[in-house]
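Those sequence lines, one after another, are chains A and B. The numbering used here applies: residue 2 is where the first sequence begins, and numbers increase by one. The numbering used here applies: residue 2 is where the second sequence begins, and numbers increase by one. Down below is the structure, laid out as C-alpha cells.
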Amino acid sequence: AQSVTQLGSHVSVSEGALVLLRCNYSSSVPPYLFWYVQYPNQGLQLLLKYTSAATLVKGINGFEAEFKKSETSFHLTKPSAHMSDAAEYFCAVRSGANSKLTFGKGITLSVRP
Amino acid sequence: DVKVTQSSRYLVKRTGEKVFLECVQDMDHENMFWYRQDPGLGLRLIYFSYDVKMKEKGDIPEGYSVSREKKERFSLILESASTNQTSMYLCASSYREFGRDEKLFFGSGTQLSVL
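Written out as C-alpha cells, the structure is:
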C-alpha cells in the first residue's frame, strides 16, 4: 500500500521568505514522487517529479524538492516566495510504474505582502 | 499544449437525477482518470481507464459508473445523484507507458452541486 501525509492544511509566508511544504510518504517499493500545484479555478499541473534519478529535483517557478529515503520525505522548497505562488499544493506517490497515483490532502499556501 | 476539456464548469442537479460529466483530451493519451476533490480530503480516485471500453475502480467508486467508447472521451455517470456527491470533479489523462511521460494532465474541473 502507498500513502502520502501532508501535515497541516495551511501555510502562510511573507513575500520573499522561504517556502517549505512538507510531504512524507509510505511505499512498499521504491516510489515515484510528485508535487502538483492548483491555482484558483484551475486544474492541477505538475511542479516537479522524482523518478529514481537525482535526489534533488528542480521544477518550474523556482521550486525544488529533495528525496530523502531515510526520512521517507519529499519536502518542497522555494528560497523566496512570490505573491503568484499562492495556491494549493499536492504531494503524490506512485509505487512502481504500473500503480495508480495517490494524492495527499493538499496544503494551501498564502503569501503576505 | 495538451488540452483536457471538461464539458461544464458548474452544474446544479437535483437529488435522484442521472448526471453525466464529460471529459475530452486531445493528446491521444491511453489513460484517463476521474477524481473528486473535497476540502480537507484532497483528491480521491473514482474510476480510471487504460484503454477504450476498459475501466477499473478507484478508491471510491460507489455511486458512480464510467464509459469510454472512444479513446479521447471519458464520461463519469452518477446514476442517481445524492447530496453527498456535491463536489469538484477533476478529469485527467496521461500516457500509458510510464517512461514516456509520467505526469497527469488535468482539466479545470466541474463543480457539481446536488440539491
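In this text, a Cβ means the ideal position worked out from N, Cα and C, and glycines have one as well.
In chain A, what lies closer than 7 Å to residue i by C-beta?
| i | result |
| --- | --- |
| residue 116/B | Ordered by position in chain A, no residue passes the 7 Å Cβ test against residue 116/B, which lies about 22 Å from the chain. |
| residue 49/B | 101 |
| residue 103/B | 33, 50, 52 |
| residue 42/B | 106 |
Per DSSP, residue i forms a beta bridge with which residues?
| i | result |
| --- | --- |
| residue 79/A | 20/A |
| residue 127/A | Outside the displayed span of chain A (2 to 114) sits residue 127/A, for which this structure offers no information. |
| residue 112/B | 11/B, 89/B |
| residue 108/A | 90/A |
| residue 113/A | 15/A |
| residue 66/A | 58/A, 77/A |
| residue 52/A | Answer is none; residue 52/A lacks a bridge partner. |
| residue 94/B | 33/B, 106/B |
| residue 4/A | 27/A |
Our contact map puts residue i next to residue j with C-beta atoms below 8 Å; I'd like the distance itself, whole angstroms only.
| i | j | result |
| --- | --- | --- |
| residue 112/A | residue 84/A | 5 Å |
| residue 88/A | residue 40/A | 5 Å |
| residue 110/B | residue 79/B | Not confirmed; about 16 Å, so no contact. |
| residue 116/B | residue 37/B | At roughly 18 Å, the Cβ-Cβ gap does not stay under 8 Å, so residue 116/B and residue 37/B are not in contact. |
Please confirm whether residue i has its beta-carbon closer than 7 Å to some beta-carbon of chain A.
| i | result |
| --- | --- |
| residue 107/B | yes |
| residue 110/B | yes |
| residue 91/B | yes |
Please confirm whether residue i has its beta-carbon closer than 7 Å to some beta-carbon of chain B.
| i | result |
| --- | --- |
| residue 22/A | no |
| residue 44/A | yes |
| residue 77/A | no |
| residue 47/A | yes |
Under 7 Å Cβ-Cβ, which residues of chain B neighbour residue i?
| i | result |
| --- | --- |
| residue 91/A | 43, 44 |
| residue 10/A | 41 |
For a contact meaning CB atoms closer than 9 Å, what does residue i contact in chain B?
| i | result |
| --- | --- |
| residue 15/A | Neighbours of residue 15/A on chain B: none; closest Cβ ~25 Å, over 9 Å. |
Taking residue i as the query, report the chain B residues whose CB atoms sit under 8 Å from its CB, ordered along the chain.
| i | result |
| --- | --- |
| residue 85/A | Under the 8 Å cutoff, chain B gives no residues; its nearest Cβ is about 18 Å from residue 85/A. |
| residue 27/A | Result: empty, since nearest Cβ-Cβ is about 15 Å, beyond 8 Å. |
Which ranges does the beta strand (DSSP E) cover as unbroken runs of at least 3 residues, wholly within the segment 17-88 of chain B, from first to last along the chain?
-> 20-26, 32-39, 43-50, 65-71, 74-79
Enumerated in chain order, which unbroken segments of the beta strand (DSSP E) with a length of 3 residues or greater are wholly contained in the segment 19-50 of chain A?
-> 20-22, 25-27, 33-39
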